[in-house]
Structures are given as C-alpha cells and as structure tokens.
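Residue numbers (this note's numbering): 209 to 681. Just so you know, even glycine gets a beta-carbon here, dropped at the ideal spot from N, CA and C. Bear in mind that the values here come from a model prediction, so they are computed numbers and not experimental data.
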Amino acid sequence: MDCQVALQQLIKSYAQQPERLSKQVRLEQALRQSINQDWPHQTRLPSHRKLAAALGVARNTFSLAVATLIEEGLLTTSHGSGTWSCKKVAAPTTSTPTKVQLSNRAQRVLRWPGASTVQSGAFVPGIPDIAQFPMRKWRQLYASVTVPQNALLLSYSTGGYGPLKRAIRDFLARWRDIHCDTEQIIITDGTHNGIELCAVALADVGDTVAMESPCYWGARNVFTAAGLNIDMLPWRLEAGHALPATPGPVALAYLTGSHHYPLSVPTSAEHKQRLCEALSPTYVVEDDYEFNRDDHPNLLFDAHSERHLLVGSFSKMMFPGLRLGYLVVPRHLAGPMNRLRSELFREGRMLDQAVLAQFIFDGDLDAWCRRIQRDYLGRQQVLHDQLRSLPHVRSVSPPSSAISLCVEFEPGINDVAIAQSLLKEHLIVRPLSPVCAPNDPRVGLVMGVGMLSGETLVREAQRLRRCLEPLLR
C-alpha cells in the first residue's frame with residue numbers, strides 16, 4: 209500500500225476517536241483500527257516526523273503510541289528500515305485441528321452474540337462516561353486507605369466490607385426508596401456475579417427462568433451456563449407481558465428494574481406484578497441496570513418480601529473496570545447465600561470496597577450521579593433528534609438520564625447487517641433482534657451515549673444519520 213494512502217486512512221481513523229480521550233490513547237486506537245481493518249500486512253508507515261505533523265501531535269506522544277503497538281506485536285521497527293504494520297494472521301497448518309471439547313451449555317452460550325470485542329468508540333452501548341469520572345479523588349482515596357493500619361484490607365472479605373454495606377444501604381434509601389438491613393446486602397463482583405449466585409442458589413439444572421424479550425444478553429448467558437431453561441416473554445410498554453399458553457413451574461422470574469434494558473424505556477410495576485401473579489415464580493430477581501432518582505415507583509422489589517431479590521452494579525454508574533455490585537436478598541436467604549458466595553467464588557477486593565465506601569460516604573457518588581445523569585439526558589436529546597425522522601424508523605426511545613438509547617425499525621429491516629456495516633465506519637452499536645424471543649419480531653439498534661459529548665457527539669450523530677440513511681432505504 210502507498211504510504212500516502214496509509215497516512216490518509218490513519219488521519220481519518222484518528223479523527224473518529226472521541227476527543228475527550230488523551231491524544232496518545234486516540235493514536236493507539238487509530239493505529240489498531242488501521243492495522244486490523246484497513247492496511248494490508250507489512251504496510252510501511254511514513255516517517256514518525258511526517259505522521260506526527262499530519263496528525264497535529266507531538267513526536268514524543270506519537271513515539272509513545274508506537275511503542276505500545278510494538279509491545280502488542282502490531283508494529284515492528286528497526287533503525288534505517290522504517291516502521292511496518294504486523295497484521296496478526298493465523299499460521300497455516302496441515303495438521304488436523306484439535307476439536308474443541310466444550311460443554312453443551314458453553315456451546316449454547318457461544319452461539320448467541322455476546323460481549324463485543326470492541327469496547328470503545330462512537331455509540332458503544334453499556335459504557336458510561338469514563339473520561340469525566342473524578343479519578344483524582346478516586347486515587348486519593350486509595351492512598352488514604354492503603355496504610356499499615358489497614359493491613360486487613362489485603363485479606364479475604366468474608367461477607368463483604370461492613371462500611372460498604374452500610375453505604376449501599378443508605379444510598380438505596382436515598383435514590384431508590386428501598387429500606388433494608390445491612391445483613392440483606394451481599395457484595396458481588398458485578399452484575400453477572402450476582403445473577404450467577406441467584407441461579408446457583410435458587411434453581412437447579414433444568415429449572416425454568418422467565419425473562420423479558422428483548423432481554424439483557426449477559427443475564428441470558430449466565431442462566432444458560434447454569435443449565436436453566438429460558439422462557440422469553442415479549443414485553444411492550446403499552447401492553448405488558450405476553451404470557452405463555454400453558455405456564456409450567458417457574459423457579460425464577462428475571463425482570464429489568466425501573467428502566468428497561470435494552471429498550472431504554474420506563475418499566476411498569478403493574479405489568480411485572482401481573483406477570484408474577486400468572487407465573488407464580490418461586491423467586492423474582494429484578495435487575496436495576498439503569499435508573500434515575502425519581503423512577504423507583506417502577507420497581508416491583510420489596511425489601512420485606514420473602515421471594516424478591518434486587519441486583520445492582522456500580523459499573524454503569526461509575527466505570528466498567530470497577531466490577532463491584534450488590535444483591536439485596538430476603539432476610540432468610542442472607543446467611544445461606546453469603547456462605548455460598550464464599551464457598552464458590554471466595555471474597556476479596558477489600559481495598560476497592562473500602563475506597564467505594566468512602567466515595568459514597570463523602571457524597572461523591574451522589575454528586576457524580578446527579579451531574580452525569582443531567583449530561584446523559586442532553587446527549588440523548590441530540591441523538592434522538594438525529595434519528596427520529598430516518599426512513600423506516602418506528603420509534604426512538606424517549607430521552608432519559610440512562611446511558612443507552614434504542615431505535616426500533618419497521619419489520620423486515622436487517623438490523624444485524626446494518627450493525628456490521630456501521631462497524632466498518634467505526635460506529636459501534638448492537639442489533640436488537642438477537643436478544644428477542646423467536647416470537648418477538650422486533651428489530652432495531654441499541655446504542656450508548658457514554659463515550660461522546662459536546663461537539664464530538666453532534667458531529668458523530670450527524671455522521672451516524674448519514675450512514676444509516678442509505679442502509680435503511
């Protein structure tokens with residue numbers, strides 16, 4: 209490939225990276241995308257001086273980005289011969305490939321679309337705004353708890369860190385109007401860990417779990433891996449849940465909390481109550497995936513009930529790498545489920561738990577949630593205005609303070625193919641149809657607003673519209 213063509217492709221990829229990221233990170237992502245998607249193997253790059261000048265970055269910044277890609281094996285360089293791309297290609301082999309012996313449950317999980325290999329970029333769903341998070345305060349809290357007197361924070365956390373449980377209890381009372389005891393709170397390693405604990409503790413292999421359609425793909429995968437039969441029931445805001453003709457015994461009903469994911473619309477406690485009355489599940493697990501301060505009446509969860517559990521996570525509120533969440537369980541299940549968690553998963557992360565507890569006690573989490581939810585509402589309005597008048601768009605979820613937005617298309621649109629086409633333009637979205645039941649024909653796209661803001665969001669939203677128009681027509 210000609211050096212000038214390679215340069216133009218890199219400039220285009222760099223311009224598409226979120227501006228709130230540092231220049232070095234934007235360069236690294238642009239180089240990865242160019243090497244993996246645009247450049248042939250062994251493409252020679254122009255000189256570092258020329259590249260830095262064309263991209264408008266310091267040579268030292270560019271050199272640091274190149275060094276990172278060299279460590280990853282995507283670039284190679286030597287004195288006098290320049291820098292070359294190294295697209296990773298599987299070596300040909302003439303031997304018989306080893307057959308992968310995975311369990312039937314694992315194979316069923318892998319047949320469905322799951323976690324994307326691309327976790328950054330315009331409109332990637334499920335990722336909050338990590339660029340504006342008050343990381344300086346977070347680092348200061350780590351320094352304050354990492355002292356010799358706190359050596360116990362390096363040990364196992366049997367039952368979870370007590371102060372964090374108290375902080376979560378008070379946070380739930382303020383934000384969700386939930387009043388529970390600290391003994392009812394189990395600290396988990398994120399939402400998936402909490403759902404897995406519910407599946408193992410409250411159901412046996414072959415039992416049935418009822419889920420809404422469209423569903424959260426992660427929960428479906430966890431239940432599948434646990435060997436449960438999944439009964440997906442289409443849900444619509446205006447009509448409620450579709451009920452099976454002959455409902456059998458249901459061990460678990462897994463429902464979204466106050467804000468539906470992935471449809472990104474308010475849920476209805478009345479709909480959920482009618483469903484539970486019809487199915488009579490042994491336990492009801494509600495996933496408070498996304499919420500704001502005023503939508504708690506949409507929750508069905510009752511802290512005093514003997515069959516209701518609530519799953520929550522700080523990953524969508526703060527940053528995904530935190531991987532800390534909580535379960536609120538009935539009082540009679542608190543002891544057994546805490547012991548089961550210790551036996552199966554062990555418990556640690558005490559330093560992280562101590563920092564999070566102090567972050568909540570100091571009022572920083574409340575301040576962050578209020579601020580970022582206002583921002584998300586404005587960002588969703590920008591995206592909503594660009595998408596609502598596109599051809600074959602049936603509906604766009606109303607602007608809210610959540611990080612996700614869903615656009616539903618008219619029947620017959622191939623949302624999977626559209627998502628794949630947008631990926632080639634570095635626009636990262638999820639198709640809706642793969643998380644719908646076979647009897648639920650809805651199609652659309654799920655996208656996020658966490659990675660974009662300001663003028664970058666406006667520009668990328670306009671680009672998304674321009675890319676979607678010919679695909680929809």
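In angstroms with no decimal places, state the Cα-to-Cα distance between residue i and residue j.
{"i": "Leu253", "j": "Leu660", "result": "29 Å"}
{"i": "Glu551", "j": "Leu410", "result": "16 Å"}
{"i": "His504", "j": "Ser476", "result": "10 Å"}
{"i": "Thr284", "j": "Trp247", "result": "14 Å"}
{"i": "Glu668", "j": "Leu630", "result": "12 Å"}
{"i": "Val601", "j": "Pro678", "result": "13 Å"}
{"i": "Ser293", "j": "Arg671", "result": "28 Å"}
{"i": "Tyr369", "j": "Leu591", "result": "40 Å"}
{"i": "Arg382", "j": "Ile568", "result": "12 Å"}
{"i": "Trp425", "j": "Trp576", "result": "27 Å"}
{"i": "Val493", "j": "His540", "result": "16 Å"}
{"i": "Asn312", "j": "Val413", "result": "13 Å"}
{"i": "His512", "j": "Gly465", "result": "17 Å"}
{"i": "Leu573", "j": "Arg257", "result": "44 Å"}
{"i": "Thr276", "j": "Asp389", "result": "48 Å"}
{"i": "Arg234", "j": "Pro333", "result": "19 Å"}
{"i": "Gln250", "j": "Gly435", "result": "46 Å"}
{"i": "Pro457", "j": "Ala447", "result": "24 Å"}
{"i": "Gly543", "j": "Glu236", "result": "47 Å"}
{"i": "Ala433", "j": "Gln212", "result": "49 Å"}
What is the C-beta distance between residue i and residue j, in whole angstroms, given that I count them as a contact (C-beta under 8 Å)?
{"i": "Asp495", "j": "Tyr534", "result": "Not confirmed; about 12 Å, so no contact."}
{"i": "His516", "j": "Pro538", "result": "7 Å"}
{"i": "Leu564", "j": "Phe522", "result": "7 Å"}
{"i": "Ile394", "j": "Asn546", "result": "6 Å"}
{"i": "Leu471", "j": "Ala418", "result": "Contact flag wrong, Cβ pair sits at about 17 Å."}
Report the three-state DSSP secondary structure of residue i (helix, strand or coil).
{"i": "Val317", "result": "helix"}
{"i": "Tyr369", "result": "coil"}
{"i": "Ala461", "result": "strand"}
{"i": "Arg579", "result": "helix"}
{"i": "Met659", "result": "coil"}
{"i": "Val493", "result": "strand"}
{"i": "Val519", "result": "strand"}
{"i": "Glu514", "result": "coil"}
{"i": "Arg482", "result": "helix"}
{"i": "Ser629", "result": "helix"}
{"i": "Arg681", "result": "coil"}
{"i": "Ala330", "result": "strand"}
{"i": "Tyr534", "result": "strand"}
{"i": "Val654", "result": "strand"}
{"i": "Leu283", "result": "strand"}
{"i": "Pro452", "result": "coil"}
{"i": "His249", "result": "coil"}
{"i": "Leu380", "result": "helix"}
{"i": "Arg596", "result": "coil"}
{"i": "His468", "result": "coil"}
{"i": "Leu635", "result": "strand"}
If I follow the unbroken beta strand (DSSP E) through residue i, where does it start and stop?
{"i": "Thr396", "result": "Ile393 to Thr396"}
{"i": "Asp439", "result": "Asn437 to Arg444"}
{"i": "Trp292", "result": "Gly290 to Ser293"}
{"i": "Thr416", "result": "Thr416 to Ser421"}
{"i": "Phe617", "result": "Ser612 to Phe617"}
Would you mind reading off the limits of the alpha helix (DSSP H) that contains residue i?
{"i": "Ala427", "result": "Trp425 to Ala433"}
{"i": "Arg257", "result": "His256 to Leu263"}
{"i": "Arg547", "result": "Arg539 to Phe553"}
{"i": "Arg602", "result": "No alpha helix (DSSP H) contains Arg602, which is instead part of the beta strand (DSSP E) from Val601 to Val604."}
{"i": "Glu236", "result": "Lys231 to Gln241"}
{"i": "Asp560", "result": "Met558 to Phe569"}
{"i": "Val353", "result": "Met343 to Val353"}
{"i": "Leu179", "result": "The structure shown does not extend to residue 179, since the chain spans only 209 to 681, so no value can be given for it."}
{"i": "Thr399", "result": "Thr399 to Leu410"}
Would you please verify whether the beta carbon of residue i is less than 9 Å from any beta carbon of chain D?
{"i": "Leu541", "result": "Judged by its chain identifiers, the structure shown contains no chain D, having just a single protein chain."}
> Just checking, does the segment 652-659 make contact with the segment 609-616 on the three C-beta pairs under 8 Å criterion?
Replying inline: yes
> Quick check: the segment 431-443 against the segment 637-648, are there 3 or more CB pairs under 8 Å?
Replying inline: yes
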